[in-house]
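Residue numbers (our numbering): 1 to 310.
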Amino acid sequence: MRRLLTAAVTVFALTAAMVVATSAAPRPVHAAGTGDTSGCTAIVSTRDGQTICEIDGSKGGGGGGGNGNGVNIDCNSAGTIVWNGKTYQCDIGIWSFSGGCYITPVDPQPATNDPIWGSSDPSTNRMQWADCDHIPPTLVGAAEIVGPCVGYCAGPNPVERITNELQINKPDLGMAPPGGAGKDGFVNQNIWFWSKALDTSTQTRSAGNVVGTRTFVSADWQIKLGDQAAPGTPVHCTSDNEYTPDKGAAASPDPKCGFQFTAPGTYTISVSTTWTLVISQNGAPAPPQTITSQPNTTTILITEGQSTNG
Numbered sequence: 001m002r003r004l005l006t007a008a009v010t011v012f013a014l015t016a017a018m019v020v021a022t023s024a025a026p027r028p029v030h031a032a033g034t035g036d037t038s039g040c041t042a043i044v045s046t047r048d049g050q051t052i053c054e055i056d057g058s059k060g061g062g063g064g065g066g067n068g069n070g071v072n073i074d075c076n077s078a079g080t081i082v083w084n085g086k087t088y089q090c091d092i093g094i095w096s097f098s099g100g101c102y103i104t105p106v107d108p109q110p111a112t113n114d115p116i117w118g119s120s121d122p123s124t125n126r127m128q129w130a131d132c133d134h135i136p137p138t139l140v141g142a143a144e145i146v147g148p149c150v151g152y153c154a155g156p157n158p159v160e161r162i163t164n165e166l167q168i169n170k171p172d173l174g175m176a177p178p179g180g181a182g183k184d185g186f187v188n189q190n191i192w193f194w195s196k197a198l199d200t201s202t203q204t205r206s207a208g209n210v211v212g213t214r215t216f217v218s219a220d221w222q223i224k225l226g227d228q229a230a231p232g233t234p235v236h237c238t239s240d241n242e243y244t245p246d247k248g249a250a251a252s253p254d255p256k257c258g259f260q261f262t263a264p265g266t267y268t269i270s271v272s273t274t275w276t277l278v279i280s281q282n283g284a285p286a287p288p289q290t291i292t293s294q295p296n297t298t299t300i301l302i303t304e305g306q307s308t309n310g
């Protein structure tokens, strides 16, 4: 069952018949313009900008099946419906059909700070593909539109969604010599560290009354002999000074991103980034969380001798 949601009670024109059905059982249309979303299990937008509430369950009262009179309309026995003089297939499986368009949610949903949302709230809306000519929608040519949800949209609630969006990927591990199999270094050689394109900017996401802010703290390198459990030598390097062969044996221009091994051996080098995350609801911030990326790790064999970094 569906009902047309409007700001006030309206008369639903018989010529503007709309339909929705599933592969299991058809759902009729109910044109009650109450504006009440209680009981809706899904809400979709029509091609003319109206809003339709879909209600699971048995067919409501009124005029029976067939192509109906615009108040209670079912798909016919052939699985089609005529809308504005054109024959359409009825909804199959997860696809929604209303107002002459087939609609399905965009997966994955755009990030909460994506400009495509405009003024719509990502916590109570979902982005949908709408295609008025093909089932399922062919994404080439389909319109990407915002459709309202009832309460929270399917998936994580706003706090979970924003927290997930503000997680960080492991940083790039730039090193010269580069480490790895067959890439040896030497005692007292100038080693360079850097993280390519390390974004240290403050990031903010919002959905409804929830706001999350992630602030960069540091890029943390650890240098250990072998895989020993004891703490290694910490290096806090956030520069983006990448080594190139023309630098020869020179040291990194940022002393915090340079290192010299003073003893031979196989060393483990890893880098991770640390951030502070604050989630606020209704303007009240929760205690700050410290979040750390997954480490990016390599090894290097240090031997006696001298060489350039390349």
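C-beta: ideal position from N, C-alpha, C; glycine also. Remember, it's a predicted structure, so these values are computed and weren't measured experimentally.
Practice prompt. For S38, I'd like the list of residues in its chain whose CB is within less than 7 angstroms of its CB, leaving aside the five on either flank, ordered along the chain.
Written response: With a pLDDT of only 44 at S38, under 50, the local geometry of the prediction cannot be trusted, and no value is derived from it.
Worksheet item: To the nearest angstrom, how far is it from the Cα of T299 to the Cα of G179?
Response: Whole-angstrom Cα-Cα distance: 5 angstroms.
Fill in: Cβ neighbours of Q189 in the same chain (closer than 6 angstroms, five flanking residues each side left out)
none
Discussion item. Less than 6 angstroms between C-beta atoms, sequence neighbours within five positions excluded: which residues of the same chain meet that for K170?
Written reply: These residues qualify, in order along the chain: S293, Q294, N296.
Item to complete: Could you tell me which residues DSSP pairs with L225 in its beta bridges?
Response: Partner(s): Y267.
Worksheet item: Going by alpha carbons, who is nearest to N113 out of P122, V106, P105, L139?
Response: Residue P122 is the option with its Cα nearest to N113.
Discussion item. Quick check: the Cα distance between D312 and G151, rounded to an integer number of angstroms?
Written reply: Here the chain covers residues 1 to 310 and nothing more, so residue 312 does not appear.
Fill in: T238 and L198 closer than 8 angstroms at C-beta
yes
Discussion item. Please classify T163 as buried or exposed, where buried requires at least 16 neighbouring CB atoms within 10 angstroms.
Written reply: buried
Discussion item. Helix, strand or coil, according to DSSP, for N164 in the structure here?
Written reply: helix
Worksheet item: In chain order, what residues of the same chain lie with their CB nearer than 7 angstroms to the CB of T274, ignoring the 5 residues before and after it?
Response: Closer than 7 angstroms at Cβ, skipping near neighbours: V217, S218, D220, T290, T292.
Discussion item. Quick check on the burial criterion: 16 or more other C-beta atoms within 10 angstroms. Buried or exposed for T321?
Written reply: Look at the range of the chain in this structure, 1 to 310, and you will see that residue 321 is not part of it.
Worksheet entry | Cα-Cα separation between S119 and A286, rounded to whole angstroms | 26 angstroms
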